[in-house]
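Undergrad: Just so it is clear: in the sequence shown, position 29 is 29 by our numbering, and no numbers are missing.
Pasting a structure below so you can have a look.
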Amino acid sequence: PQQTWMTKLKHVPITLLPLKVGELTAKKVQSILDGCLETTSNRAPTTTTDSTMQADDNKNAPFVTVKWPNDVLCDGKKISGALIESANGWFLIGVGINLDYAPDIPTNGPNYGRPSVSIRDYCPSLQETKQQARQVGIDLAYDLHSWLHQDSSNSIGDQEQSASSIVEGWKQWLDWDMELVMRDTPGRERVRLIDILPDGRVQVMNRDDGTKRTLVSDYFL
1 PQQTWMTKLK
11 HVPITLLPLK
21 VGELTAKKVQ
31 SILDGCLETT
41 SNRAPTTTTD
51 STMQADDNKN
61 APFVTVKWPN
71 DVLCDGKKIS
81 GALIESANGW
91 FLIGVGINLD
101 YAPDIPTNGP
111 NYGRPSVSIR
121 DYCPSLQETK
131 QQARQVGIDL
141 AYDLHSWLHQ
151 DSSNSIGDQE
161 QSASSIVEGW
171 KQWLDWDMEL
181 VMRDTPGRER
191 VRLIDILPDG
201 RVQVMNRDDG
211 TKRTLVSDYF
221 L
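Here you go:
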């Protein structure tokens, strides 16, 4: 409930909620991929080709990162996103993870965006995706609930420290070198993220002229 957040976590800026959702989702995506690829790598190779393929798989393990504020990327392609809305005193959090399918994203035109990818693209033998999707939803809800209620029982000092830990936890999943495209700017301005502020805002630098500025709600591709 919104009231629970605002009352019990009043020393944690509400603008950090998307970052926490992004971090928890990145952890879940990484866990799914690790489990699938570990199962594949644990299969005993029967030929020299199999051994070579396993070595290549380990070398080219998926690179899971976050994109401000709560998208999750895998090797630079979008694998998950979240929407957070407010209604009737509640925060409604919807998280989508491409398990079985990745939609085709236009590279130009009004609906252009970042290419997408799915778990199945990395784990062709993925089975029981409906059951797994349900379990992923349960796991994420539990993780968020556990974090919220654990932090709400902390002292003011601990909560302020928790706010800092949200930012630092999210940064651990960030690819600082990734180029971001600001969709709603003339010429699709290209920037690089250089810092996350304590309240969840971001500071970026223009790739071309080095101009720095702070952003609140801009949309990155």
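Backbone N, C-alpha and C define an ideal beta-carbon position, used for all residues, glycine too.
Every value quoted in this text rests on a predicted model; they were computed, and no experiment measured them.
1. In terms of residue numbering, what span does the alpha helix (DSSP H) encompassing D121 cover?
2. Roughly how many angstroms separate the alpha carbons of D199 and C74, rounded to a whole number?
3. List the DSSP bridge partners of L174.
4. Within the stretch 77 to 144, note down every full beta strand (DSSP E) run reaching 3 residues or more, in order along the chain.
5. For the structure I just gave you, are there three or more beta carbon pairs, one from the stretch 108 to 127 and one from the stretch 16 to 25, closer than 8 Å?
6. Among D209, R190, I194, R183, which one has its Cα closest to the Cα of S217?
7. When the Cα atoms are used, what is the spatial distance from Y223 to V21?
8. In the DSSP output, what is K212 paired with across the bridge?
9. Can you find the residues in the same chain that come closer than 6 Å, C-beta to C-beta, to N206, ignoring five residues on each side of it along the sequence?
10. Under 8 Å, with one C-beta from each stretch per pair, do the stretch 24 to 35 and the stretch 63 to 82 reach the 3-pair mark?
11. Where DSSP assigns a beta bridge to R192, which residues make up the other side?
12. Does DSSP put L221 in a helix, in a strand, or in coil?
13. Specify, as a first and last residue, the run of the beta strand (DSSP E) that L73 falls within.
14. Hey, is the stretch 169 to 183 in contact with the stretch 135 to 146, meaning 3+ C-beta pairs nearer than 8 Å?
15. Apart from the five residues just before and just after W68, which ones in its own chain have a Cβ nearer than 6 Å to its Cβ?
16. For G22, which three-state DSSP category applies?
17. CB V181 to CB L193, shorter than 8 Å?
18. So, with DSSP's three-state summary, where would you put V12?
19. If D100 sits next to S118, beta carbons under 8 Å apart, how far is it from one beta carbon to the other, in whole angstroms?
20. Between the Cα of M178 and the Cα atoms of F63, V12, Q135, which residue gives the shortest distance?
21. Give me the residue from T211, I166, F220 with the minimum Cα distance to T185.
TA: If we stick to the structure as given:
1. D121 -> alpha helix (DSSP H) spans 119 to 122.
2. For the pair D199 and C74, the Cα-to-Cα distance works out to about 26 Å.
3. Within the DSSP bridge table, the entry for L174 names V66 as partners.
4. Every unbroken stretch of the beta strand (DSSP E) spanning 3 or more residues and falling wholly within the stretch 77 to 144 is given here in chain order: 77 to 87, 90 to 97.
5. No: the two stretches stay apart, fewer than three of their Cβ pairs being nearer than 8 Å.
6. Among D209, R190, I194, R183, the Cα nearest to that of S217 belongs to R183.
7. Given that the chain is displayed from residue 1 to residue 221, the structure contains no residue 223 and the question cannot be resolved.
8. Residue pairing of K212 in beta bridges, as defined by DSSP: M205.
9. Same-chain partners within the cutoff: V191.
10. Result yes; three or more Cβ-Cβ pairs closer than 8 Å.
11. According to DSSP, residue pairing for R192 in a beta bridge involves E179, M205.
12. In the structure shown, L221 adopts coil according to DSSP, grouped into three states.
13. Per DSSP, L73 belongs to the beta strand (DSSP E) from 71 to 74.
14. Counting C-beta pairs closer than 8 Å gives fewer than three between the stretch 169 to 183 and the stretch 135 to 146, which falls short of the contact rule.
15. Taken in chain order, the residues that qualify are V202.
16. Reduced to three states, the DSSP call for G22 is helix.
17. Contact check for V181 against L193 fails: the beta carbons are separated by 8 Å or more.
18. Judged by DSSP in its simplified three-state form, V12 adopts coil rather than helix or strand.
19. The C-beta separation of D100 from S118 comes to about 6 Å, placing the pair in contact by the 8 Å criterion.
20. It is F63.
21. The residue among T211, I166, F220 with its C-alpha nearest the C-alpha of T185 is F220.
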